[in-house]
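**Student:** This structure is in structure tokens; I'll ask about it shortly.
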Amino acid sequence: MSLVGFTAVATVTLLLCVMTGPDRDDLDEFYTGYGSLSPMRNGLAIAGDYISAASVLGTGGVIALFGHDGVVLALSTALSLMLLMFLLAEPLRNAGRFTMGDALARRMPGRAARITACAVTIAALLPLMLVQLAGTGQLLAFVLGFSGAALQTGCIIGLGMLMIGYAAIGGMKGTALIQILKIVMLLGSGLVVAALILHRFDWNPGALFDAAADRSGAGPAFLNSGLQFAGGPHPDADMISSQLTVVLGGACLPHVTMRMYTASSARQVRRSMSWAVSGVALFVLVVTVIGFGAAALVGRSVIAGIDPQGNTAYLLGSQAAFGARVSTAETFLFTTVTTAVFLTLLASVGGMILACANSLAHDVFATRVREMSPRREMTLARVSALAVGVPAIVLATLVQHRSLQPLVTLSFCLGASAIAPALVYGLFWRRYTRAGLLCTLIGGSLAVLLLMPGTNLVSGSPVSAFPEADFNWFPFTTTGLVSIPLGFACGWLGTMLSGRRKAQEQRRHYEAVEGWILAGAVRRGD
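Going by the working numbering, the first residue of the sequence shown is number 110, and it counts up by one from there.
Shown next, in the form of structure tokens:
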């Protein structure tokens, strides 16, 4: 039934992309869907882009393995989207048109800013794409019961090409419809599974938490802070670093911020974000119940034995909610759960490929020609989807048998250390200069790339990407505690070194567009 469900979903979603795909010469429809989605649908699409497969499987696994720390991680994801809603959503929508490069170039025109923004966009999203493409093969192997490496590689290649098709054919509107379908299926099936788990414990969350702690092997520590980072030399600082990275980096990733440009007005973006935050908050409740349910019904040791990262906990918890004797209806429900996770993988990678392709076509290629025709730019965007997707597929086949947690962390660290400072400075600091922007993006990215290989996720532990090696010199799980301040400091230093004359020019230029950025006084593109 799972194979039938996967095939049906792939067929229907590809048909949706073909039916809703833009005309060959309509850039606004391809990049933004004309802002034609209602606030509810746009909000669900934002939530769908935000809740990736890494969020579903990874957060569920952390909750099942580490209890309290996993719940804090889930809450941090919701807090990150709320931060985007209250601080950046409206200015982003007002300043940008199609890409993050547009929003930054509103104040600092020039190819250097756009090309750097494109490079950081690809660097931040490529690791997440690899994780989810590699996860596709692992998910199908787990659900369908095969273990051959060749079959897993074949699944990655086939489904990767399907995801490229989503981005190239459907554009913004097509991928939005897939995200809406994904979030409805994910939350709908998750709510039913969560209700079944609570029913097993007489609707008493306290009994569920106690049972999870009993079967965790950690006792009361499972319900207290610090279990996830207990083995490190600085557990408290490591926890702060991880949560700071998630809160600042999660919602600033380009495939999420690009959805701000699909809202037709500031009022629309506010209402869309309200729906998105509500959907993510509901997801946090669902994944918390299912994660604790997996720990209580399956056992922490069994979950860790199947996957040390706990990525199968969401599916194991859903399976265990039905009990020993499974009816036809329960089999159908579990098929819906697995299909929803499968669709989450497809939709997430499709959205990320679209964000990278849009940036590559619009910020790099289109700016080389003064008057590029819409049809040619559309063709470039579709070719860019192929140019981004094919290397991602090849790399995913190479890393599929390694621990993928460092790649997830790398994306969030780049979002928090390079993209978040650039957006905050670019949208709100009057003196911010082009040199400051380049220093922020390049300095923040370099700080992450230099520090990340030294973390305990890459080497030095049995669950690291290279367990046989030990070059762990940076005693934290994420780089955020050091790289985030460095990102902001690089932007400040670059601006200060630009000189007073450049700073005064930028102040005057910002004051000229301040009404556009902060209040939407003039509609973008006018």
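Where a beta carbon is used, it is the ideal one built from N, C-alpha and C, also for glycine.
Small disclaimer: the values here were computed from a predicted structure and weren't measured.
Using a Cβ-Cβ cut-off of 9 Å, state whether residue 253 counts as contacting chain B.
**Tutor:** Going by chain labels, chain B is absent from the structure shown, which holds only one protein chain.
**Student:** Which whole runs of the alpha helix (DSSP H) in the segment 527-568 are 4 residues long or more, in chain order?
**Tutor:** With a minimum length of 4 residues, the continuous alpha helix (DSSP H) runs that stay inside the segment 527-568 are 529-537 and 543-560.
**Student:** Just to confirm my understanding: we take residue 114, look at its own chain, exclude 5 residues before and 5 after, and list those with CB closer than 8 Å. What are they?
**Tutor:** For this step, residue 114 is matched to residue 5 along the sequence shown. Answer for residue 114: 444, 445, 447, 448 and 451, listed in chain order.
**Student:** Give me, in chain order, the residues of the same chain whose beta-carbon lies closer than 6 Å to that of residue 515; leave out the 5 immediate sequence neighbours on both sides.
**Tutor:** Residue 515 sits at position 406 when you count from the first residue of the sequence shown. For residue 515, where only same-chain residues beyond five positions count, the Cβ hits under 6 Å are 566, 567 and 574.
**Student:** Which word fits residue 635, buried or exposed, when buried means at least 16 other C-beta atoms lie within 10 angstroms of its C-beta?
**Tutor:** For the purposes of this step, residue 635 is taken as the residue at position 526 of the sequence shown. Confidence in residue 635 is poor, its pLDDT being 40 and thus under 50, which makes the residue's placement unreliable; the coordinate value appears in the next sentence. Exposed is the call here.
**Student:** Would DSSP call residue 207 helix, strand or coil?
**Tutor:** For the purposes of this step, residue 207 is taken as the residue at position 98 of the sequence shown. Here residue 207 sits in coil by DSSP.
**Student:** Does the segment 406-413 come close enough to the segment 320-332 that 3 or more CB-CB pairs lie under 8 Å?
**Tutor:** At 8 Å Cβ cutoff, the stretches touch.
**Student:** Can you tell which of 618, 489 and 223 has its C-alpha closest to the C-alpha of residue 540?
**Tutor:** As a first step, residue 540 is located in the sequence shown; it is residue number 431 there, counting from the start. With distances taken between Cα atoms, residue 540 lies closest to 618.
**Student:** Can you check whether the CB of residue 212 is closer than 9 Å to the CB of residue 389?
**Tutor:** Locating residue 389 in the sequence shown gives position 280, counting from the first residue. Locating residue 212 in the sequence shown gives position 103, counting from the first residue. Going by C-beta atoms, residue 389 is not nearer than 9 Å to residue 212.
**Student:** For the putative contact between residue 288 and residue 178, defined by C-beta atoms under 8 Å, what is the C-beta separation to the nearest angstrom?
**Tutor:** To locate residue 288, count along the sequence shown from 1; it is residue 179. To locate residue 178, count along the sequence shown from 1; it is residue 69. Wrong, their Cβ atoms sit about 29 Å apart, outside the cutoff.
**Student:** Let me confirm a value: residue 384 is counted as buried when at least 16 other C-beta atoms fall within 10 Å, else exposed. Which label applies?
**Tutor:** In the sequence shown, the residue the question calls residue 384 occupies position 275. Classification for residue 384: buried.
**Student:** Alpha carbons only, please: which of 423, 459, 271 and 248 is nearest the one belonging to residue 296?
**Tutor:** On the sequence shown, residue 296 is found 187 positions in, with the first residue counted as 1. It is 423.
**Student:** Rounded to whole angstroms, what is the Cα-Cα separation between residue 118 and residue 127?
**Tutor:** What you label residue 118 is simply residue 9 of the sequence shown in a count that begins at 1. What you label residue 127 is simply residue 18 of the sequence shown in a count that begins at 1. Each residue's alpha carbon lies about 14 Å from the other.
**Student:** Is residue 313 buried or exposed, if buried means 16 or more other CB atoms sit within 10 Å of its CB?
**Tutor:** Start at 1 with the first residue of the sequence shown, and residue 313 comes out as number 204. Exposed, by the Cβ-count rule.
**Student:** Is residue 494 closer than 9 Å to residue 465 when the C-beta atoms are compared?
**Tutor:** Indexing the sequence shown from 1 puts residue 465 at position 356. Indexing the sequence shown from 1 puts residue 494 at position 385. In this structure, residue 494 lies closer than 9 Å to residue 465 by Cβ.
**Student:** For residue 575, write down the residues that DSSP places opposite it in a beta bridge.
**Tutor:** Here residue 575 corresponds to residue number 466 of the sequence shown, with the count starting at 1. Beta-bridge pairing links residue 575 to 568.
**Student:** For the candidate residues 160, 224 and 180, whose alpha-carbon lies nearest to that of residue 468?
**Tutor:** Counting from 1 along the sequence shown, the entry for residue 468 is found at position 359. Residue 468 has its Cα closest to that of 224, out of 160, 224 and 180.
**Student:** Taking the straight line between their C-alpha atoms, what separation do you get for residue 333 and residue 320?
**Tutor:** Counted from its first residue, the sequence shown places residue 333 at position 224. Counted from its first residue, the sequence shown places residue 320 at position 211. Their Cα atoms are separated by approximately 15 Å.
**Student:** So the candidates are 365, 309, 182 and 379; which of them puts its Cα closest to the Cα of residue 167?
**Tutor:** As a first step, residue 167 must be located in the sequence shown, where it is residue number 58. For residue 167, the nearest C-alpha among the options comes from 182.
**Student:** Quick one: using the 10 Å Cβ neighbour count with 16 as the cut-off for buried, is residue 509 buried or exposed?
**Tutor:** Translated into the one-based positions of the sequence shown, residue 509 becomes position 400. By the neighbour-count rule (16 or more Cβ atoms within 10 Å), residue 509 is buried.
**Student:** Quick one: grab the DSSP three-state call for residue 509.
**Tutor:** For this step, residue 509 is matched to residue 400 along the sequence shown. In the structure shown, residue 509 sits in coil (DSSP, three-state: anything other than H, G, I, E or B).
**Student:** CB residue 587 to CB residue 537, shorter than 9 Å?
**Tutor:** Taking the first residue of the sequence shown as position 1, residue 587 is located at position 478. Taking the first residue of the sequence shown as position 1, residue 537 is located at position 428. Result no, Cβ atoms of residue 587 and residue 537 do not sit closer than 9 Å.
**Student:** Pick from 456, 441, 601 and 200: whose alpha carbon is nearest that of residue 285?
**Tutor:** Start at 1 with the first residue of the sequence shown, and residue 285 comes out as number 176. With distances taken between Cα atoms, residue 285 lies closest to 456.
**Student:** Just the C-alpha distance for residue 268 and residue 417, rounded to the nearest angstrom, thanks.
**Tutor:** As a working mapping, residue 268 is identified with position 159 in the sequence shown. As a working mapping, residue 417 is identified with position 308 in the sequence shown. Approximately 25 Å between the Cα atoms of the pair.
**Student:** For residue 560, I'd like the list of residues in its chain whose CB is within less than 7 Å of its CB, leaving aside the five on either flank, ordered along the chain.
**Tutor:** Here residue 560 refers to the residue found at position 451 of the sequence shown. For residue 560, where only same-chain residues beyond five positions count, the Cβ hits under 7 Å are 583, 588, 591 and 592.
**Student:** For residue 251, does the three-state DSSP call read helix, strand or coil?
**Tutor:** As a first step, residue 251 must be located in the sequence shown, where it is residue number 142. Of the three classes helix, strand and coil, the one that applies to residue 251 here is helix, per DSSP.
**Student:** By how many angstroms is the C-alpha of residue 173 removed from the C-alpha of residue 112?
**Tutor:** Within the sequence shown, the letter at position 3 stands for residue 112. Within the sequence shown, the letter at position 64 stands for residue 173. Spanning the two alpha carbons is a distance of roughly 27 Å.
**Student:** Which residue wins for smallest C-alpha separation from residue 199, given the options 233, 367, 354 and 335?
**Tutor:** Walking along the sequence shown from the start, residue 199 turns up at place 90. It is 367 whose Cα lies nearest to the Cα of residue 199.
**Student:** Within its chain, find whatever has a CB closer than 7 Å to the CB of residue 511; leave out the 5 residues flanking it on each side and keep chain order.
**Tutor:** Within the sequence shown, numbered from 1, the residue matching residue 511 stands at position 402. Once the five neighbours on either side are set aside, the close Cβ partners of residue 511 are 574.
**Student:** Suppose contacts are defined by Cβ-Cβ distances below 9 Å. Is residue 544 in contact with residue 488 by that definition?
**Tutor:** Within the sequence shown, residue 544 is the residue found at index 435, counting from 1. Within the sequence shown, residue 488 is the residue found at index 379, counting from 1. Result no, Cβ atoms of residue 544 and residue 488 do not sit closer than 9 Å.
**Student:** Pick out the complete beta strand (DSSP E) segments inside the segment 255-333, 3 residues or longer, and give them in chain order.
**Tutor:** If we require 3 residues or more, the segment 255-333 turns out to have no beta strand (DSSP E) run fully inside it.
**Student:** Do residue 501 and residue 471 have their CB atoms nearer than 9 Å?
**Tutor:** Sequence index remark: in the sequence shown, residue 501 carries index 392 (1-based). Sequence index remark: in the sequence shown, residue 471 carries index 362 (1-based). No, the pair does not count as a contact, with Cβ atoms beyond the cut-off.
**Student:** Looking only at C-alpha atoms, which of 499, 375 and 328 sits nearest to residue 205?
**Tutor:** If you number the sequence shown from 1, residue 205 lands on position 96. Among 499, 375 and 328, the Cα nearest to that of residue 205 belongs to 375.
**Student:** Tell whether a beta-carbon distance below 9 Å holds between residue 400 and residue 432.
**Tutor:** Your numbering for residue 400 matches position 291 in the sequence shown. Your numbering for residue 432 matches position 323 in the sequence shown. The answer is no: Cβ separation not under 9 Å.
**Student:** Output the boundary residues of the alpha helix (DSSP H) element that contains residue 171.
**Tutor:** Here residue 171 refers to the residue found at position 62 of the sequence shown. Per DSSP, residue 171 belongs to the alpha helix (DSSP H) from 169-175.
**Student:** Spatial neighbours of residue 622 within its chain, please: CB distance less than 7 Å, with the 5 preceding and 5 following residues excluded, ordered by chain position.
**Tutor:** Taking the sequence shown and counting its residues from 1, the one referred to as residue 622 is at position 513. Excluding positions up to five away in sequence, the list reads 215 and 216.
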